[in-house]
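Asks:
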Amino acid sequence: MRIQRIILENFRNYRGIDWSPHSRFNIITGDNAQGKTNLLEAVFFCTAGRSFRTARDREIINWDKEECQARAVVEMNRSSREIEVSLSKSQRTVFSVNGLKKSRGKIFRPCLALSFTPLDLDLIRGAPSERRKWLDLELGPFDYDYIYNLEKFERVLAQRNNLLKKNNSQLADGIEPWNEQVVHYGSRLIYSRINLLKNLFPHLRKVFGDLTSGKEDISFNYLSSLPLEKGMGQKEIEDLYGEIVRKSIAEEIARQQTLFGPHRDDLIFMINRTEARKFGSRGQQRSVVLALKLSLIKFFLEEYQEYPVLVLDDVFLELDSSRRRGLDRLLEGEGQVFITSNSEIKGYFSEDSRTYRVEEGKLYGGDR
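The sequence shown begins at 875 in the numbering used here and counts up one residue at a time.
1. Determine the burial state of L1097: buried for a count of at least 16 other Cβ atoms within 10 Å of its Cβ, exposed for fewer.
2. Run through DSSP, which three-state label would R1138 get?
3. Quick one, are the C-beta atoms of G1207 and T1086 less than 9 angstroms apart?
4. Under 9 angstroms, Cβ to Cβ, is there at least one residue of chain B near L1013?
5. For R955, name the three-state secondary structure that DSSP assigns.
6. Should S1196 be labelled buried (16 or more other beta-carbon atoms within 10 Å of its own) or exposed?
7. Could you check whether I1123 and L1100 sit closer than 9 angstroms to each other, using their CB atoms as the reference points?
8. Using DSSP with H/G/I as helix, E/B as strand and the rest coil, what is R945?
9. Check this for me: beta carbons of H1137 and L1071, under 9 angstroms apart or not?
10. Compute the Euclidean distance between the alpha carbons of S925 and R945, then round it to the nearest angstrom.
11. Taking just the CA atoms, how far does V971 sit from S977?
12. Out of curiosity, what's the CA-to-CA distance linking D905 and R1147?
13. So, do the region 980-991 and the region 1173-1186 have three or more beta carbon pairs nearer to each other than 8 angstroms?
14. Can you list, in chain order, the residues of its chain with a C-beta nearer than 7 angstroms to that of E883? Leave out the 5 residues immediately preceding and following it.
15. Going by DSSP in three states, T967 sits in which element: helix, strand or coil?
16. With distance defined between alpha-carbon atoms, name the residue in E1176, E1112, S964, F1075 nearest to F1143.
17. Would you list, in sequence order, the uninterrupted alpha helix (DSSP H) runs of no fewer than 4 residues that lie entirely inside the region 1145-1182?
18. Is it right to say G1154 is buried, meaning 16 or more other beta carbons lie within 10 angstroms of its own, or is it exposed?
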């Protein structure tokens, strides 16, 4: 997967740009607040269908304009297609491929890009919702049915919680159909997460070992709100979930919320059997997130026989020289990489690269 050309109009501080990036390493340099991250955001938006900075598309539009456009010519499976995104402050975002309008989901499943930004450190340091978001947005889509089950579960969960807030005497009987649905879709999400994590772990462990030169080991625990036992099948999880929902209905009515399910689950990451969130250094925490992101490359390769586009914002920050060299080795594949830095980092990469400089929303350079 490669971006051959990208055209932006009123995207953040880019009034107009027509860029043909290098097929391997694109090193974006420049001072702060000039537009380096904005450029990476545009690359990611055109290949993932969303921003890695905001859930509100309209925030991407230049502050004194009403709309913006982003177009990318991408090569995948030996064919090219043009993806166009039109954003407006007053209308819905419109996506098209080769001039034909399509839904966001149909274009970007699979997501064609992986990103790492300083905000991703919330995956380790932040609330459990940040780790569930990673499961849902980045890992989950590798299971064909995951997004469908997630959308159904979230809809049913919202309706069930609305009923629980009514707190009337007939609620225990009227809520039964919602119990069945929340258990049906929720158990499938939990089972998918556990299996995806199980399949990801060998890749994660190897990538983390390469990043740390074999000096550190990584592991994780999936913390479910259900008392799961190792090796449980989907039907066993569903039966257990249903039993717990039936037994806890009185407490849920009293507390007016659904207390059990995948929306309450969490992931704990450990380095050498020590919890990374509580005891890991900032460099170690950054290495965990990087390893999670880079291990997904293997998933992508196995599924689609292609490398995803990699978008790396300030990736070298807080990494010591050993981890920097480890990252360099991990990026020696064949994928296209976009990477930003305030400082000179060209020496860490192969000669198969181009260096650019951003100044006030304009792109200069392209030197080897």
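The beta-carbon is built from N, C-alpha and C at its ideal position, and this holds for glycine as well.
Replies: Straight from the coordinates:
1. Taking the first residue of the sequence shown as 1, we reach residue 1097 at position 223. Residue burial is scored here from C-beta neighbours: L1097 has fewer than 16 other C-beta atoms within 10 angstroms and is therefore classed as exposed.
2. Taking the first residue of the sequence shown as position 1, residue 1138 is located at position 264. Under the three-state reduction of DSSP output, R1138 falls in the helix class.
3. Here residue 1207 refers to the residue found at position 333 when the sequence shown is read from its first residue. Here residue 1086 refers to the residue found at position 212 when the sequence shown is read from its first residue. Going by C-beta atoms, G1207 is not nearer than 9 angstroms to T1086.
4. The question asks about chain B, but that chain is absent: this structure has only one protein chain.
5. Counting from one through the sequence shown, the residue named residue 955 turns up at place 81. Correct three-state label for R955: strand.
6. Numbered from 1 along the sequence shown, position 322 holds the residue referred to as residue 1196. Label assigned to S1196: exposed.
7. Translated into positions along the sequence shown, residue 1100 becomes position 226. Translated into positions along the sequence shown, residue 1123 becomes position 249. Contact: no.
8. Working through the sequence shown from its first residue, we reach residue 945 at position 71. In this structure, R945 counts as strand in the three-state DSSP scheme.
9. Translated into the one-based positions of the sequence shown, residue 1137 becomes position 263. Translated into the one-based positions of the sequence shown, residue 1071 becomes position 197. No, they are not a contact pair.
10. For the purposes of this step, residue 925 is taken as residue 51 along the sequence shown, with counting starting at 1. For the purposes of this step, residue 945 is taken as residue 71 along the sequence shown, with counting starting at 1. Using only the alpha carbons, I get a separation of about 15 angstroms.
11. Along the sequence shown, one-based indexing puts residue 977 at 103. Along the sequence shown, one-based indexing puts residue 971 at 97. The alpha-carbon atoms of S977 and V971 are separated by roughly 10 angstroms.
12. For this step, residue 905 is matched to residue 31 along the sequence shown. For this step, residue 1147 is matched to residue 273 along the sequence shown. Approximately 39 angstroms between the Cα atoms of the pair.
13. By the criterion of at least three beta-carbon pairs nearer than 8 angstroms, the region 980-991 is in contact with the region 1173-1186.
14. Here residue 883 is taken as the residue at index 9 of the sequence shown, counted from 1. Answer for E883: G890, C942, Q943, listed in chain order.
15. Within the sequence shown, residue 967 is the residue found at index 93, counting from 1. The answer is coil: DSSP assigns T967 none of H, G, I, E or B.
16. Working through the sequence shown from its first residue, we reach residue 1143 at position 269. Among E1176, E1112, S964, F1075, the Cα nearest to that of F1143 belongs to F1075.
17. 1150-1153, 1156-1178, all fully within the region 1145-1182.
18. Here residue 1154 is taken as the residue at index 280 of the sequence shown, counted from 1. Buried, since its Cβ has 16 or more Cβ neighbours within 10 Å.
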